[in-house]
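In terms of UniProt numbering, the sequence shown opens at residue 1 and continues consecutively. Scroll down for the structure; my scribbles are underneath it.
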Amino acid sequence: MRLIYIIGLLTVIGTGALWCGWYGMVRRRIAAMLAAVSILAGGVLLLLAVLPDYSFYGTTVTHNFAAGKNVALTFDDGPYPPYTDELLKILEQRQVKATFFMVAENAEKHPELVAKIAAQGHEIALHALKHRDFLKLSLAEQQKDIAAGKRILEKLSGQKITLMRPPHGFRDWAVIDTLQKNGLTAVNWSVIPRDWTNPGVSVIVDRIMEQMHPGAIILLHDGDSPKYVASREETIQAVSVIIDKLRAEGYNFVTVNELMQKGE
């Protein structure tokens with residue numbers, strides 16, 4: 001059953017309880033308690049869907065503590081020139097492999113960037129065909145988006161696509177089930193500097209260093225979906241500093257699939 005339907009049902013139950021209490025059909029105290037429990041249950045279910053590091057609705061990879069001092073740099077919402085191009089130069093100079101969670105409609109606009117990312121040995125994964133909240137999509141819309149996005153990325157990159165990060169990291173039972181039916185594993189993150197808000201290069205770096213731990217998956221952005229207007233220059237400038245600082249602390253950079261296999 002879809003999460004949105006369950007939350008809607010709980011809302012109806014809570015509203016109905018308050019209505020019954022107001023008109024004296026049940027004791028007001030009981031009605032208030034039932035309404036509160038219904039609203040709280042709905043809130044908890046929604047929270048579990050939007051928080052990145054819970055697998056309540058099905059397996060979601062956010063880290064691998066068994067990987068030791070291996071971490072994965074991941075980039076969302078691209079490809080997005082000129083920032084993806086600038087990022088690739090930095091990763092090549094520092095010999096770092098990363099995982100790019102691409103929006104497939106962006107990939108279609110910039111096939112040369114997809115080919116370049118693949119040629120440099122980076123991992124390509126799906127973010128979506130279009131950057132939309134999957135909790136609000138019907139099952140048919142989810143399936144259409146995921147299948148089309150996967151097909152486009154595999155054609156452009158020559159890689160088998162096995163990972164997907166749902167937009168915003170939001171997922172419920174239906175999203176996880178649709179991913180699995182398409183041969184995809186849900187991936188979120190454990191380190192997030194909120195770089196898309198452009199808080200400043202030093203802030204991005206400091207937030208990552210404060211949150212860092214062995215086996216981390218780091219979320220950064222080389223793109224700006226779905227608006228395609230924001231600068232990603234702060235993120236690009238921060239990446240080289242982040243790589244140097246983490247290497248100084250003994251960390252090694254791997255792709256998400258490599259991270260998942262460490263310690264097995």
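Glycine residues also receive a C-beta, built at the ideal position from the N, C-alpha and C atoms.
Exposure of residue i, with buried meaning 16 or more beta-carbon neighbours within 10 Å
i: Lys150; result: buried
i: Gln93; result: exposed
i: Tyr228; result: exposed
i: His110; result: buried
i: Phe134; result: buried
i: Ile30; result: exposed
i: Asp53; result: exposed
i: His127; result: buried
i: Gln142; result: buried
i: Ala119; result: exposed
i: Ser202; result: exposed
i: Tyr80; result: buried
i: Pro82; result: exposed
i: Ser38; result: buried
i: Ala36; result: exposed
i: Gly250; result: exposed
i: Val114; result: buried
i: Leu9; result: exposed
i: Val44; result: exposed
i: Met33; result: exposed
Span of the beta strand (DSSP E) around residue i
i: Thr62; result: Here Thr62 belongs to no beta strand (DSSP E), and DSSP marks it neither H nor E.
Residue i - DSSP class collapsed to helix/strand/coil
i: Phe56; result: coil
i: Leu46; result: helix
i: Asn257; result: helix
i: Thr162; result: coil
i: Leu26; result: Per the sequence presented here, residue 26 reads as Val, with Leu not at that position. Coil.
Pick from the options that is closest to residue i, judged by C-alpha positions
i: Ile7; options: Trp22, Gly24, Ala31 and Leu48; result: Leu48
i: Val50; options: Val205, Lys245 and Leu3; result: Leu3
i: Pro167; options: Gln159, Ile176 and Lys160; result: Ile176
i: Arg165; options: Lys89, Ile124, Ser231 and Glu154; result: Ile124
i: Ser225; options: Ala72, Leu88 and Arg132; result: Arg132
i: Phe253; options: Val71, Ser202 and Ala17; result: Val71
i: Ile243; options: Thr185, Glu141, Ile204 and Leu113; result: Ile204
i: Ala140; options: Gly21, Cys20, Ser240 and Ala174; result: Ala174
i: Ala41; options: Arg27, Thr60, Ile13 and Gly21; result: Ile13
i: Thr255; options: Val37, Lys97, Ala107 and Ser38; result: Lys97
i: Ile90; options: Arg27, Glu233, Ser240 and Ala36; result: Ser240
i: Glu86; options: Asp222, Lys262, Lys245 and Met260; result: Asp222
i: Leu129; options: Ala66, Leu73 and Val103; result: Val103
i: Thr60; options: Trp19, Phe100 and Ala186; result: Ala186
i: Ala148; options: Gln237, Ile39, Leu73 and Asn106; result: Asn106
i: Ala238; options: Leu73, Gly169, Gly158 and Lys116; result: Leu73
i: Asn188; options: Ala216, Asp145 and Gly263; result: Ala216
i: Glu258; options: Arg27, Thr162 and Val114; result: Thr162
i: Thr235; options: Val114, Tyr23, Asp76 and Gly16; result: Asp76
i: Ser138; options: Ile117, Asp172 and Gly158; result: Asp172
i: Glu210; options: Val191, Ala32 and Thr99; result: Val191
i: Tyr57; options: Gly78, Gln180, Thr197 and Pro199; result: Gln180
i: Leu46; options: Gly169, Ser157, Gly263 and Arg232; result: Gly169
i: Gly158; options: Thr11, Gly200 and Ile117; result: Ile117
First through last residue of the alpha helix (DSSP H) which encompasses residue i
i: Ser157; result: Leu139 to Ser157
i: Trp189; result: Trp189 -> no alpha helix (DSSP H), and no H or E assigned at all.
i: Lys181; result: Trp173 to Lys181
**Ranges of the alpha helix (DSSP H) found wholly within the stretch 192-237, counting only runs of at least 4** = 201-211
**Every unbroken beta strand (DSSP E) inside the stretch 62-135 [3 residues or more]** = 70-76, 99-103 and 123-128
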